[in-house]
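Here the sequence shown stands for residues 24 to 172, numbered as in the numbering used here.
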Amino acid sequence: MRYARSVLSAAALAALTVGTTAALTAPASAAPNTTPQKVCGSGYKTVNSAPVGSLGTVYLTYNATNGENCVATIRNNPGTALGMSAWIYVPDTDEYHEDNGLFTSYAGPTYVYGKAHCVDWGGHIKNVYVQVTGSNCGALKEHRVTFTR
Numbered sequence: 024m025r026y027a028r029s030v031l032s033a034a035a036l037a038a039l040t041v042g043t044t045a046a047l048t049a050p051a052s053a054a055p056n057t058t059p060q061k062v063c064g065s066g067y068k069t070v071n072s073a074p075v076g077s078l079g080t081v082y083l084t085y086n087a088t089n090g091e092n093c094v095a096t097i098r099n100n101p102g103t104a105l106g107m108s109a110w111i112y113v114p115d116t117d118e119y120h121e122d123n124g125l126f127t128s129y130a131g132p133t134y135v136y137g138k139a140h141c142v143d144w145g146g147h148i149k150n151v152y153v154q155v156t157g158s159n160c161g162a163l164k165e166h167r168v169t170f171t172r
């Protein structure tokens, strides 16, 4: 009886250890090969994008049903957590939202109400930063800047 209890205790400890290890090694973001729609939601359509060097892409999406824009920065090759961000700003309303931190796959989602407004948006992966200003506002030409720090 004592032997059976020891075996059961050892099995329970092993299961707990495996579960804890799996939980601690889980990614900080989504699985590889994610899309802007998986990050922002199925109602969001990609309306603009900008490459972040060779590391990934920043996506601007829009949901016509609720008038919200969403930005997500998605890595080409998920893996070790890196410094990443996604941000969006509406100059007309001074509304701003940012997601900044260490992520394995993507940064975001970041949402603002942007219907009938120009938006500024961007993000970064590692040391490559992208910002797009005066975007998606009809006849006005947007301004894009990519830089490395």
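Just so you know, even glycine gets a beta-carbon here, dropped at the ideal spot from N, CA and C.
If you draw a straight line from the Cα of Val151 to the Cα of Arg172, it is about 7 Å long. Contact between Ala104 and Tyr129 is absent: CB atoms are separated by about 11 Å, not below the 8 Å threshold. With respect to the C-alpha of Asn89, the residue from Ser108, Ala73, Pro101 and Lys68 having the closest C-alpha is Lys68.
C-alpha of Thr58 to C-alpha of Ile97: approximately 8 Å in a straight line.
With a 10 Å radius around the Cβ and a threshold of 16 neighbouring Cβ atoms, Phe126 comes out buried. Taken atom to atom, the span from the alpha-carbon of Gly64 to that of Tyr134 is near 11 Å. In this structure, the CA atom of Thr116 is about 22 Å from the CA atom of Val153. Leaving aside the five residues that flank Ser72 on each side, the residues in its chain whose CB is nearer than 6 Å to its CB run, in chain order, Thr80 and Tyr82.
The alpha carbon of His140 has as its nearest neighbour, out of Asn100, Glu165 and Gly131, the alpha carbon of Glu165. Thr169 is bridged by DSSP to Val153.
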